[in-house]
Amino acid sequence: MHANAQSTADAIAKYREMIADGNPAELYEAAGEELWKKPAGPKNATLEKCNLGLGPGVIKGAAAQLPRYFPDTNRVQDLESRLITCMSTLQGISAQEIIDAPFQQGYKKTMDDIVAYVVTYSKDLKVNVSTKHPKEKESYELGKRAFFYEGGPMDFSCATCHGSTGKRIRMQDLPNLTTPEGAIAGWGYWPAYRVSNGQFWTMGLRLNDCYRQQRFPFPIYGSEVLTALSMYMAVNANGGVIHTPGLKR
Amino acid sequence: MNLQRREVLKYTAVFGLMASAGLISSAQAEEWNKAAFEGKTIEDVFSVFGAGSPDKSSAVILNVPEIAENGAVVPVSISTTLKAQQLAILVEKNPNALVAQFFIPTGTEPFVTTRIKMAQTSNVYALVKADGKWSMAAKEIKVTLGGCGG
Amino acid sequence: MKINLIKIFTISLLIALFQLAYAQNNLDAKFEKMMASGFKAEGIAGLDRIDQDETQKFCSDPIFVNSKQGAIHALKIQNLNMASILQPSDGRFIGDWKRGEVIAQSGRGGTWTDKPDAVNGGGCYNCHQIDKKEISYGNLGPSLWNYGKSRGYSQEVIAYTWNQINNAKAYNACSNMPRFGHFKLLTQEQIQDVMALLLDPQSPVNQ
Amino acid sequence: MGDPMRIRAAENNGIVEVKILMKHDMETGQRKDAAGKLIPAWFITMVSVKAQGKEVFAADFGTAISKDPFLNFKYKGSRGDKLLVSWVDTRGDKRSDEASVS
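Chains as they are written, first to last, in numbering that gives the first Met the number 0: chain A, 0 to 248; chain B, 0 to 149; chain C, 0 to 206; chain D, 0 to 101.
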């Protein structure tokens, strides 16, 4: 590496190290814990019976095993689409209202807090996502196709930026999501607090903004394509250690 | 609570008296220094502080990254070997130079870390007041454009 | 007996192949359904952006792209793209490098949060080192520092660079670089200005 | 009434290291919303930290402290010290949270 580029990389590394201490995502996590236990919605119920895959109310380690197949909905769900199910079945909140809410507002804000709370309980665990169920296997295959699907006026796919190792956009390292190391560098650090805009970003918003930058149309929140892409990343990241909620530029 | 007291003090004429009588610390008697925070340049702030033109001192340690990936969050750490009662952070090219000031009572280390916003690449100043005298350290932080810029 | 075995074997093989083909078709259908139901139009980003042209369709299948047949097909794709390149209507290839630098710096345009009348940037620094003074540059593409100085300013270099910016897929079917002319991401004048940044001997890139 | 803070404080060799995260937008008054209208300034102006009832740290903020402010400082103290962190902002909103030193 060029000497100048090396010193730039070192300086950026120091910057990242300095901001790593004190992740404001903790503020969202604290709010999420309250929301999890607080009765809400038309049914005035809490989310404490929400089954994230490990049984009703079990949060510890749940995010590490998502996405997964859920018999009650007969489909593969990621954390956010599963929380939509819980909020609508347990609390009686309209799923469409959650899907349509603008990011950072209304039910999406609730979602941010709850996601921050849930993923904190998988921190330091290893990604352990199954492809045993035929629908899980299928979701992975669909996600892989979506990952390589080029479109839009710039011909971008996810793979354009995240399909090879050692690449950067401007100063930002781009993890190669097709490898185990790269997949965990991405999947293992989102959801995250983003310092550039002072917002907590769920994986749903992370992928939404990827598609925005890809110049694609707007991916519908909670849709199958987002779950499938998550499945592709998570399975590739299997065995890697989770650092959520992360702290990102 | 102290803030309420500061609020109350704002509307009373007795705080100066209380301070001079040693009933409250000078830090507590201080209210939010509007004039200092509204100063545009570092010189404006120096003048409100009555700091003259502070000497650069190796006793003032300013720990910052050379490059910030984003101007919205720039970590800044100040410490000093002096027995400081007050610390301040200034950014030369921000619309208002003064970012924050910190009051250090006896028993508290003259050290603080926080995160600041920077409008652009600029010199950042750490100001330290010890025994009534101000001294400082300065470093340049480059603010880069991150991400796809979209 | 032997004939029966062969028969059974052949039939099972046919069934297996049929199942495989069925699964493949089934996955194709599911994928299409997933993509069609997964997006909505927003701002300037219409649903037509999901529709692929021949180049995009080809490049979305990395296994085929990397096969022998894929290599042959890539040439067809390249020819197709080469044929679509427009040469400058005013005959000018080189514009103003200062404006070119501004275009290279800006990564704006084309997203659903951009207004229809917003001026697009080229986003060149996202992927390329260009002027060394800019330390925040990407590496998805090669460094363009000293672009003209090292290659020379010949007609061949100018023609190649024009084509490359207008439609990089003319030289590399699945290049990561957007087709700036083909999809009108940049205007002809903007492309001339970016050309100048790379190929004007006065440009800081060539110092 | 603002959102809860996160306060972490740990004692080591008689020195307590305190880390505080406050939830606040810290609007500069220079940002515009989607409609192009200026968002009015709104930020924390003063922070006070007391240990066992005695002020151990105070800060005055301008608009250039980052969103969701972070503070880290150290004072001479003991395990079990009760900390009270309070802030007030330009709208007069206040928030106080407690923590004990571990």
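Ideal Cβ positions, reconstructed from N, Cα and C, are used throughout, including at glycine.
Considering residue i, what are the terminal residues of the alpha helix (DSSP H) in which it resides?
i        : result
C/Asp192 : 187–198
C/Ile157 : 154–165
C/Phe182 : Taken as a continuous stretch (DSSP letters only), C/Phe182 belongs to no alpha helix (DSSP H), as it is neither H nor E.
C/Tyr146 : 146–150
A/Tyr210 : 202–212
A/Met230 : 223–235
A/Gly181 : 179–186
Please confirm whether residue i has its beta-carbon closer than 7 Å to some beta-carbon of chain D.
i        : result
A/Glu25  : yes
B/Asn122 : no
A/Ala191 : no
First and last residue of the beta strand (DSSP E) that includes residue i?
i        : result
A/Tyr120 : Here A/Tyr120 belongs to no beta strand (DSSP E), and DSSP marks it neither H nor E.
D/Ile6   : 5–11
C/Lys56  : Careful: C/Lys56 lies outside any beta strand (DSSP E), inside the alpha helix (DSSP H) at 53–58.
B/Leu86  : 83–90
D/Ala58  : 53–60
A/Arg167 : 166–168
Using 10 angstroms around the beta-carbon of residue i, count the other beta-carbons present and answer buried if the total reaches 16, otherwise exposed.
i        : result
B/Gly149 : Its pLDDT being 40, under 50, B/Gly149 is placed unreliably by the model, and the measurement read from it follows with that caveat. So B/Gly149 counts as buried.
A/Gly238 : exposed
C/Phe8   : exposed
A/Pro101 : exposed
B/Val44  : buried
B/Met0   : Note that B/Met0 scores 44 on pLDDT, short of 50, meaning its location in the model is unreliable and no value can be drawn from it.
C/Leu13  : exposed
A/Pro244 : buried
A/Gln95  : exposed
C/Phe17  : exposed
B/Ser121 : buried
C/Asn25  : exposed
A/Asn235 : buried
D/Arg90  : exposed
C/Ile5   : exposed
D/Lys73  : buried
B/Val142 : buried
With a threshold of 7 Å between beta-carbons, can residue i be considered close to chain A, or not?
i        : result
B/Ile66  : yes
B/Thr143 : yes
D/Arg5   : yes
B/Val127 : no
D/Phe72  : no
D/Asp96  : no
C/Arg107 : no
Spell out whether any CB of chain C is found under 7 Å from the CB atom of residue i.
i        : result
A/Lys247 : no
A/Gly150 : yes
A/Ile11  : no
Quick one: does residue i have its CB under 7 Å from some CB of chain B?
i        : result
D/Asp59  : yes
D/Leu82  : no
D/Thr89  : no
A/Met153 : no
D/Met21  : no
D/Val55  : yes
A/Ala8   : no
A/Met202 : no
D/Asn12  : no
Since residue i contacts residue j with CB under 8 Å, what's their CB separation in whole angstroms?
i        : j        : result
C/Cys212 : A/Glu149 : Given a span of 0 to 206 for chain C in the structure shown, any question on residue 212 of chain C remains unanswerable.
C/Gln163 : C/Ser142 : The pair is not a contact, with the Cβ atoms about 15 Å apart (cut-off 8 Å).
C/Val109 : A/Met153 : Note on identity: in this sequence residue 109 of chain C is Gly, with Val being the wrong assignment. Between A/Met153 and C/Gly109 the Cβ distance is about 7 Å, and since that is below 8 Å, they are a contact.
B/Pro53  : B/Met135 : 4 Å
Verify the CB distance criterion: does residue i have a CB-CB separation below 7 Å to chain E?
i       : result
D/Asp67 : Among the protein chains in the structure shown, which are A, B, C and D, there is no chain E.
Could you say if the region 52–63 of chain D and the region 2–9 of chain D meet the contact criterion of at least three C-beta pairs nearer than 8 Å? Output reads no: the region 2–9 of chain D does not touch the region 52–63 of chain D.
Would you be able to state if there are at least three C-beta pairs under 8 Å between the region 24–42 of chain C and the region 209–229 of chain A? yes
Cβ contact check for the region 88–107 of chain B and the region 46–56 of chain D: 3 or more pairs under 8 Å: Taking 8 Å as the limit for Cβ pairs, the verdict is that the region 46–56 of chain D does touch the region 88–107 of chain B.
Is there contact here, the region 17–33 of chain C with the region 90–104 of chain B, by at least three beta-carbon pairs under 8 Å? no
Check whether the region 33–40 of chain B touches the region 108–127 of chain B, counting contact only when three or more Cβ pairs, one atom from each stretch, lie closer than 8 Å. Segment contact: the region 33–40 of chain B against the region 108–127 of chain B, fewer than three CB-CB distances shorter than 8 Å; contact not assigned.
Does the region 187–202 of chain C touch the region 90–97 of chain C, meaning 3 or more C-beta pairs lie closer than 8 Å? Contact holds: three or more Cβ-Cβ distances are below 8 Å.
Within the chosen definition, does the region 8–23 of chain D reach the region 62–73 of chain D through at least 3 CB pairs nearer than 8 Å? yes
Measuring CB atoms only, is the region 27–40 of chain A touching the region 28–38 of chain D, in the sense that at least three cross pairs come out at less than 8 Å? Counting Cβ pairs under 8 Å, fewer than three are found: no touch.
Mind the definition here: the region 129–144 of chain A touches the region 226–234 of chain A only if three or more C-beta pairs lie below 8 Å; say whether that holds. yes
Between the region 55–71 of chain C and the region 80–95 of chain C, do three or more beta carbon pairs fall short of 8 Å? No, the region 55–71 of chain C is not in contact with the region 80–95 of chain C.
Hey, is the region 71–81 of chain A in contact with the region 103–119 of chain A, meaning 3+ C-beta pairs nearer than 8 Å? yes
Taking one C-beta from the region 174–192 of chain A and one from the region 155–165 of chain A each time, how about it: are there three or more such pairs within less than 8 Å? Contact between the region 174–192 of chain A and the region 155–165 of chain A is present: 3 or more CB-CB pairs across the two stretches fall below 8 Å.
Three or more C-beta pairs closer than 8 Å, one from the region 102–121 of chain C and one from the region 202–213 of chain A: is that the case here? yes
Touching by the beta-carbon criterion (3+ pairs, under 8 Å), the region 9–23 of chain A and the region 188–197 of chain A: Between the region 9–23 of chain A and the region 188–197 of chain A there are three or more inter-stretch CB-CB distances shorter than 8 Å, so the stretches are counted as touching.
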